[in-house]
Amino acid sequence: MIIKNQQLAQVSHFENRFLATLVYGPNEGLIRECIKEIKRLYLKENEFEDIQINAKDIDDDPLIIDQSINTISMFSEFKVVLVNSIKDKHIKILESVMQSAPDKTLFIIKENNLTTASKVRKFFDKDPTYFSIACYDDDGKDLMKSINTFAEKNSLVFNRDVKNYLLENLSSDRMINQNELEKIYLYCSKSKNSIELNDIKFLLNDSSSQNLQKMSQTVMYGKTGRSSDVLNKILTEGTNPIAVIRSLIIYLKRIQATKIHMKQGADFEVAIKNLKPPVFWKEKDSFKIHCQRWPLKVIEKNLSDLLDAEVQC
């Protein structure tokens, strides 16, 4: 059954019953936000066992999902089984497992983009007892809502110029935007609750950000020595290691988004017009080379590894 992320309250109707949910799309930040909210609504205050599985695990052991779901936990009454990426060839495994899944089990499949031809997507879209949630890139309306909510939550005052600048320069990915908005919050929390346009421009384009951008580019070129030099400089300046990881995530997400548009038939120049903030003209040639060199599947694998590294940090 298709539901929107604004309809997640329906999760609470399942109470202690088995619930299976597909959460997919290009907006990694929104995906994480949805999964977090689904867990909160389903589990409430209950302790739970947390199990994570990926597609390779399923290839190596086709029974792993069935065993993970049906094995009785010794320590927790509830269980969350999260599958990071699953293939159409695994659909029979899914159908079999979910016919006999026990209560007090939350089963989540997390995926990137899925076309309407995807067997996994069709399975969740059409079954009235399961949820299918698409997490597409934030549009202007979503961005403005996030900006206003952030300002209200933190008692900040953004004038019209600041809001327009943020609208033009923030990403379409909610996780990336949250990182940028956190910079603003930290800046304002030290001295004031209002911020001027020049302050915003500085915060979103400061020297550390430029060094992080430089590091991302050298990494994508495979220049190990140069990357190490830039990384040492960044860390010496006091940059948080998480910021380093997030910088690479942002750069890879931009390449991923561009390659997806190109795969759909757009040429490079048209594809990059969808990026926010736009590619700086001096960096366009490098960005184009990286788009040409890195296959989409490798980009997605590296993104997954970086997101895991961020969590571990």
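If you count the sequence shown from 1, you need to add 26 to reach our numbering. Even for Gly, the Cβ is constructed at its ideal location relative to N, Cα and C.
Between the options, which has its C-alpha nearest residue i's C-alpha?
{"i": "F149", "options": "K115, D168, T175", "result": "K115"}
{"i": "N185", "options": "L223, E137, K240", "result": "L223"}
{"i": "R58", "options": "C161, I117, Q338, D165", "result": "C161"}
{"i": "K82", "options": "D225, D163, I112, Q125", "result": "I112"}
{"i": "L230", "options": "N195, I117, T244", "result": "N195"}
{"i": "P128", "options": "K323, F294, A46, D293", "result": "A46"}
{"i": "T145", "options": "I315, L48, W307", "result": "Just to set this straight, residue 145 is Lys in the shown sequence, not Thr. Answer by Cα proximity: L48."}
{"i": "K167", "options": "L192, A143, D153, I64", "result": "L192"}
{"i": "M288", "options": "D311, P321, E309", "result": "P321"}
{"i": "I226", "options": "E137, D293, L207, S242", "result": "L207"}
{"i": "Y136", "options": "A335, S330, P88", "result": "One detail in the question is off: residue 136 reads as Lys in this sequence, not Tyr. Ranking the options by Cα distance to K136, first place goes to S330."}
{"i": "P303", "options": "G291, L140, E71, Y277", "result": "Y277"}
{"i": "F74", "options": "L89, Q93, E103, D86", "result": "E103"}
{"i": "V123", "options": "D151, Q93, K152", "result": "Q93"}
{"i": "P154", "options": "K249, I29, Q33, L333", "result": "I29"}
{"i": "E336", "options": "I315, L301, I271", "result": "I271"}
{"i": "N138", "options": "Q338, D87, D334, K323", "result": "K323"}
{"i": "L140", "options": "E71, Y50, K259", "result": "Y50"}
{"i": "V188", "options": "F228, S215, N205", "result": "F228"}
{"i": "I117", "options": "R252, S126, I98, R147", "result": "R147"}
{"i": "P267", "options": "N174, Q338, T175", "result": "Q338"}
{"i": "Q236", "options": "E309, Y247, D293", "result": "E309"}
{"i": "M246", "options": "D311, D87, P88", "result": "D311"}
{"i": "E63", "options": "Q33, P88, F44, L89", "result": "Q33"}
{"i": "S215", "options": "K179, G291, W307", "result": "K179"}
Do residue j and residue i have their beta-carbon atoms positioned less than 8 Å apart in this structure?
{"i": "I281", "j": "I325", "result": "yes"}
{"i": "I134", "j": "N31", "result": "no"}
{"i": "N219", "j": "S254", "result": "no"}
{"i": "I77", "j": "I84", "result": "no"}
{"i": "S273", "j": "L238", "result": "yes"}
{"i": "Y156", "j": "M27", "result": "yes"}
{"i": "N190", "j": "G55", "result": "no"}
{"i": "V256", "j": "T265", "result": "no"}
{"i": "C4", "j": "K285", "result": "Residue coverage of the chain in this structure runs from 27 to 339, which leaves residue 4 outside it and unanswerable."}
{"i": "Y68", "j": "V109", "result": "no"}
{"i": "D165", "j": "S172", "result": "no"}
{"i": "K65", "j": "L120", "result": "no"}
{"i": "I298", "j": "V305", "result": "yes"}
Should residue i be labelled buried (16 or more other beta-carbon atoms within 10 Å of its own) or exposed?
{"i": "L261", "result": "exposed"}
{"i": "V296", "result": "exposed"}
{"i": "R200", "result": "buried"}
{"i": "H39", "result": "exposed"}
{"i": "R319", "result": "exposed"}
{"i": "A35", "result": "exposed"}
{"i": "K105", "result": "buried"}
{"i": "F313", "result": "buried"}
{"i": "I95", "result": "buried"}
{"i": "M100", "result": "exposed"}
{"i": "I221", "result": "buried"}
{"i": "L169", "result": "buried"}
{"i": "A177", "result": "buried"}
{"i": "S242", "result": "buried"}
{"i": "V183", "result": "exposed"}
Can you give the beta carbon distance from residue i to residue j, rounded, assuming they're within the 8 Å contact cut?
{"i": "V107", "j": "I61", "result": "That belief does not hold up - the Cβ atoms of V107 and I61 are roughly 12 Å apart, past 8 Å."}
{"i": "P52", "j": "A283", "result": "7 Å"}
{"i": "K130", "j": "N42", "result": "5 Å"}
Is there at least one Cβ from chain D nearer than 8 Å to residue i's Cβ?
{"i": "M170", "result": "Among the chains of the structure shown, chain D does not appear; only one protein chain is present."}
Does the Cβ of residue i lie closer than 7 Å to at least one heavy atom of the ligand SAM?
{"i": "S253", "result": "This structure lacks the ligand SAM, and indeed carries no ligand of any kind."}
Query - Start-end ranges of the beta strand (DSSP E) lying completely within the segment 89-147, minimum 3 residues - result: 104-110, 131-137
Query raised in the report: Which runs of the beta strand (DSSP E) spanning at least 3 residues fall entirely within the segment 36-91, listed in chain order?
Result: 45-50, 74-80
**Report entry** Within the segment 228-264, ranges of the alpha helix (DSSP H) (whole runs, at least 4 residues)
**Finding:** 233-247, 250-262
Requested in this report: Mind listing, in chain order, the continuous alpha helix (DSSP H) runs of no fewer than 4 residues lying wholly within the segment 286-314?
Outcome: 294-298
Report task. Would you list, in sequence order, the uninterrupted alpha helix (DSSP H) runs of no fewer than 4 residues that lie entirely inside the segment 158-225? Result -> 166-179, 186-195, 200-215
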